[in-house]
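S.K.:
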Amino acid sequence: MAIQSKYSNSMNVKKYSILMVTSEAVPLAKSGGLGDVITPLCRELKKMGHQVTIVMPCYGFIDLSSFKKLKKDIGVFLGFETEKASLYKTTITDQHVPLFLLKNEKLFARDGIYGNKEEPLFRDNVKRFSFLCRGTLELCRVIPLTPDVFHVHDWPGALLPAMLNTQNEGELGGSTSLLTIHNVGYQGIFSKHDIHYTGLSWNQLYKKDYKTGENLNLLKAGLTNSSLLNTVSPTYAKEIQTPPNGHGLEEILSRRVSDLYGVLNGIDYKEWNPETDPNLPYNYSQENLDNKSLVKAELQKIVNLSVDSEKPLIGIISRIVNQKGFDVLCNSSKGALSLILSKLPVQMVILGTGDRVYEEELKTLTNRFNNLSIFIGFNDKLAHLIEGGSDFFLMPSRYEPCGLNQMYSMSYGTIPIVRKTGGLADTVENYDPETGAGTGFLFEELNPVSVYETVKKAVDTWIHRRDHIFKMMKKAMKKRFSWDKSALEYIELYKKAIRKKNSR
Ligand code: ADP
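The numbering of the sequence shown is numbering that gives the first Met the number 0, which starts it at 0 and goes up by one.
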């Protein structure tokens, strides 16, 4: 109800022009949560009457058949050289959000966003994403568009606020900026010799914070220059102000605490809803949970696990990296997976891609345990099936800015088992064995034993208190992590950023 009344108030507030600058947006490009977040946020903002436009690079894998090419090309200044960008436009979502692509074959006609199998991080990323930021400003002159706010995302968009601060007042210099940090662990760090691509000086990038000889850090430039900052959950906004979660940027983040906000991501219920999900062989709802067992059986068949309704099935969908706790899950016989798979009557299915060492170790574990099934790669359809068919969803993250999978799990009645950090702490309520209240199982310490003990607790509850499990499933499915609430919080931030700019 509170959201309803806030929403109606928003009908009377001023409408803003927002330009989203991003490296990912579904359905065109996604490597993780960022891609999932941009599209529904923009859809919601447009639905609320704001003018919102997305700009991103034209990667080699994007199908341009639904795009219109603009007549005019632009030149993008990159220090010692100028690169040409041709411009393509389409609209996305049922709200017809305009989306522009900046196309330059040399920089972006590749099969990855930030890297690929041969080159995990493209060596020219500083040039590629300087091109995105500088090119966006040029695009604004061509459209023409003077947004109230440039809303930029992560290190790929982080140079834009610094570039904006060098623009003349009256032109784009009248616009303000908001930088959303989706993960402070990824900063876009390059050699100091690459600074010329940005077309900016150290003073413009870091103001007084420059220490002689330091590397070029695009996120730091964004933190220094953006009018306002936010991250994607209130807890993570606090955590990044101290080591180790600040990843070296804690000082600047805590200095800017009055400009730093935490806005929890929503989830796109059009995509992640068990009642309508076309990727599930059977749809289900809180009222008809029987079909969830059929989805589980289908998942067990597809991933080559024995079809057994009485064994709890634990799913993981993740980047296979330390951040997601894979060092604790793996580590051969001492890791949490080994303990869980050898000691508990469970099955596990893991879908992911990432660090080769862990990928290899997971493959070795499947030879030891026939109750483990792994899929190395990116597979959206299987991700939906795992969310629907699993009983539990495990996320032992070292840190988690927001996390989407625990929210998807709750929507699918799949109980999350998560470490109490960042957005996981903000979205999952711990199980109370007295009353059966809660929506998941939380633990604090990150080590194999504590992961194992928490999974054991969940499995024991499954075996001995199935009534509590059903209660939790229903409560989790009732939870709403809607984008309308988050979009309203972003509108408040736009308002604050504009006010801050005007008060100067
Ligand atoms: P992060 O952005 O840190 O990777 P999130 O939980 O915020 O983590 O979002 C990850 C998104 O990417 C989710 O939509 C998840 O389902 C998806 N995802 C991650 N790995 C895979 C994979 N291997 N196959 C399909 N989807 C994946």
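Even glycine gets a Cβ: it sits at the ideal position worked out from N, Cα and C.
Remember, predicted model here, so these are calculated numbers, not experimental data.
What is the C-beta distance between residue 228 and residue 258, in whole angstroms, given that I count them as a contact (C-beta under 8 Å)?
M.R.: Within the sequence shown, numbered from 1, the residue matching residue 228 stands at position 229. Within the sequence shown, numbered from 1, the residue matching residue 258 stands at position 259. Confirmed, about 6 Å.
S.K.: Are residue 425 and residue 267 close, meaning C-beta to C-beta below 9 Å?
M.R.: Sequence index remark: in the sequence shown, residue 425 carries index 426 (1-based). Sequence index remark: in the sequence shown, residue 267 carries index 268 (1-based). Result no, Cβ atoms of residue 425 and residue 267 do not sit closer than 9 Å.
S.K.: In or out: residue 223 buried (at least 16 other Cβ within 10 Å) or exposed?
M.R.: Numbered from 1 along the sequence shown, position 224 holds the residue referred to as residue 223. So residue 223 ends up on the buried side.
S.K.: Quick one: what does DSSP say residue 375 is sitting in, helix, strand or coil?
M.R.: Numbered from its first residue, the sequence shown carries residue 375 at position 376. Residue state, collapsed to three classes: strand.
S.K.: Quick one: any contact between the region 372 to 381 and the region 292 to 305, if contact means 3 or more CB pairs under 8 Å?
M.R.: yes
S.K.: Could you tell me which residues DSSP puts in a beta bridge with residue 150?
M.R.: By one-based count along the sequence shown, residue 150 stands at place 151. 19, 177, per the DSSP bridge assignment.
S.K.: Nearest-angstrom Cα distance between residue 41 and residue 52?
M.R.: Locating residue 41 in the sequence shown gives position 42, counting from the first residue. Locating residue 52 in the sequence shown gives position 53, counting from the first residue. Each residue's alpha carbon lies about 8 Å from the other.
S.K.: Within 10 angstroms of the Cβ of residue 17, are there 16 or more other Cβ atoms? Answer buried if so, exposed if not.
M.R.: For the purposes of this step, residue 17 is taken as residue 18 along the sequence shown, with counting starting at 1. Buried, since its Cβ has 16 or more Cβ neighbours within 10 Å.
S.K.: Comparing the CB of residue 35 with every heavy atom of the ligand ADP, is any distance shorter than 8 Å?
M.R.: If you number the sequence shown from 1, residue 35 lands on position 36. Residue 35: yes, Cβ under 8 Å from the ligand ADP.
S.K.: With the cut-off set at 9 Å, would you say residue 71 and residue 87 are in Cβ contact?
M.R.: Mapped onto the sequence shown, residue 71 falls at position 72. Mapped onto the sequence shown, residue 87 falls at position 88. Taking 9 Å as the Cβ cut-off, residue 71 and residue 87 do not qualify as a contacting pair.
S.K.: Taking the alpha-carbon of residue 399 as reference, which of 164, 74, 185 has the nearest alpha-carbon?
M.R.: Within the sequence shown, numbered from 1, the residue matching residue 399 stands at position 400. The candidate whose alpha carbon is nearest that of residue 399 is 185.
S.K.: By DSSP's criteria, residue 475 is part of a beta bridge. Which residues make up the other side?
M.R.: One-based indexing of the sequence shown puts residue 475 at position 476. Looking at the DSSP assignment, residue 475 forms no beta bridge with any residue, so it has no partner.
S.K.: Near residue 126, what residues of its chain come up, given a Cβ to Cβ distance below 7 Å and the 5 sequence neighbours on each side ignored?
M.R.: Here residue 126 is taken as the residue at index 127 of the sequence shown, counted from 1. Counting only Cβ-Cβ distances below 7 Å, and skipping sequence neighbours, we find 77, 106, 196.
S.K.: Please indicate yes or no: does the CB of residue 28 lie closer than 8 Å to some heavy atom of the ligand ADP?
M.R.: Here the question's residue 28 lines up with position 29 in the sequence shown. Answer for residue 28: no, Cβ out of range of the ligand ADP.
S.K.: For the beta strand (DSSP E) containing residue 260, list its first residue and its last residue.
M.R.: Working through the sequence shown from its first residue, we reach residue 260 at position 261. Per DSSP, residue 260 belongs to the beta strand (DSSP E) from 259 to 261.
S.K.: If contacts are defined as beta-carbon pairs under 8 Å, then residue 59 and residue 109 qualify, I think. What distance do you get, rounded to the angstrom?
M.R.: As a position in the sequence shown, residue 59 is number 60, starting the count at 1. As a position in the sequence shown, residue 109 is number 110, starting the count at 1. Residue 59 to residue 109, Cβ: 5 Å. Contact.
S.K.: Mind the definition here: the region 330 to 349 touches the region 438 to 447 only if three or more C-beta pairs lie below 8 Å; say whether that holds.
M.R.: yes
S.K.: Beta-carbon within less than 7 Å of residue 523's beta-carbon, same chain only, minus the 5 sequence neighbours each way: which residues are those?
M.R.: The structure shown does not extend to residue 523, since the chain is modelled only from 0 to 503, so the question has no answer here.
S.K.: Please name the residue or residues paired with residue 492 in a DSSP beta bridge.
M.R.: The residue labelled residue 492 in the question sits at position 493 within the sequence shown. Answer by DSSP bridge pairing: none, since residue 492 is not bridged.
S.K.: Going by C-alpha to C-alpha distance, which of 279, 75, 249 sits closest to residue 134?
M.R.: Walking along the sequence shown from the start, residue 134 turns up at place 135. Considering only alpha carbons, the answer is 75.
S.K.: Mapping DSSP to helix, strand and coil, what is residue 436?
M.R.: Indexing the sequence shown from 1 puts residue 436 at position 437. In the structure shown, residue 436 sits in a strand (DSSP, three-state: E or B).
S.K.: Is it buried or exposed, residue 93, if we count other Cβ atoms within 10 angstroms and call 16 or more buried?
M.R.: Residue mapping note: residue 93 aligns to position 94 of the sequence shown, counting from 1. So residue 93 counts as exposed.
S.K.: With distances taken Cα to Cα, identify the nearest neighbour of residue 321 among 200, 357, 291.
M.R.: Within the sequence shown, residue 321 is the residue found at index 322, counting from 1. Among 200, 357, 291, the Cα nearest to that of residue 321 belongs to 357.
S.K.: Three or more C-beta pairs closer than 8 Å, one from the region 415 to 422 and one from the region 485 to 501: is that the case here?
M.R.: no
S.K.: Within 10 angstroms of its Cβ, does residue 333 collect 16 or more other Cβ (buried), or is it exposed?
M.R.: Within the sequence shown, residue 333 is the residue found at index 334, counting from 1. That one is exposed.
S.K.: So residue 453 packs on residue 416, CB below 8 Å; how close in whole Å?
M.R.: By one-based count along the sequence shown, residue 453 stands at place 454. By one-based count along the sequence shown, residue 416 stands at place 417. Here residue 453 really is in contact with residue 416; their C-beta atoms are around 6 Å apart, less than 8 Å.
S.K.: State the Cα-Cα distance for the pair residue 65 and residue 89, rounded to the nearest angstrom.
M.R.: Reading the sequence shown from its first residue, position 66 is the one you call residue 65. Reading the sequence shown from its first residue, position 90 is the one you call residue 89. For residue 65 and residue 89, the distance between alpha carbons rounds to 7 Å.
S.K.: Just how far apart, CA to CA, sit residue 377 and residue 30?
M.R.: The sequence position of residue 377 within the sequence shown is 378, counting from 1. The sequence position of residue 30 within the sequence shown is 31, counting from 1. Approximately 9 Å between the Cα atoms of the pair.
S.K.: Give me the Cα-Cα distance between residue 290 and residue 412, rounded to the nearest whole angstrom.
M.R.: On the sequence shown, residue 290 is found 291 positions in, with the first residue counted as 1. On the sequence shown, residue 412 is found 413 positions in, with the first residue counted as 1. Using only the alpha carbons, I get a separation of about 12 Å.
S.K.: On the CB-based measure, 16 or more other CB atoms within 10 Å of its CB, does residue 213 come out buried or exposed?
M.R.: The residue given as residue 213 occupies position 214 in the sequence shown. Flag for residue 213 reads exposed.
S.K.: Use the C-beta contact count for residue 182: other C-beta atoms within 10 angstroms, 16 or more gives buried, fewer gives exposed.
M.R.: Taking the first residue of the sequence shown as position 1, residue 182 is located at position 183. Label assigned to residue 182: buried.
S.K.: Classify residue 301 as helix, strand or coil using the three-state DSSP reduction.
M.R.: The count along the sequence shown starts at 1 and reaches residue 301 at position 302. Residue 301 falls in the helix class under three-state DSSP.
S.K.: Could you tell me if the beta carbon of residue 462 falls within a distance shorter than 8 Å of some heavy atom in the ligand ADP?
M.R.: In the sequence shown, residue 462 corresponds to position 463, counting from 1. Result no, Cβ not under 8 Å from the ligand ADP.
S.K.: In chain order, what residues of the same chain lie with their CB nearer than 6 Å to the CB of residue 121, ignoring the 5 residues before and after it?
M.R.: By one-based count along the sequence shown, residue 121 stands at place 122. Contacts found: 114.
S.K.: For residue 19 and residue 325, what's the separation of their Cα atoms in angstroms?
M.R.: What you label residue 19 is simply residue 20 of the sequence shown in a count that begins at 1. What you label residue 325 is simply residue 326 of the sequence shown in a count that begins at 1. Roughly 33 Å separates the two Cα atoms.
S.K.: Within the same chain, show all residues whose beta-carbon is closer than 8 Å to that of residue 341, passing over the 5 residues directly before and after it, in chain order.
M.R.: Along the sequence shown, read from residue 1 onward, the residue named residue 341 stands at position 342. Closer than 8 Å at Cβ, skipping near neighbours: 368.
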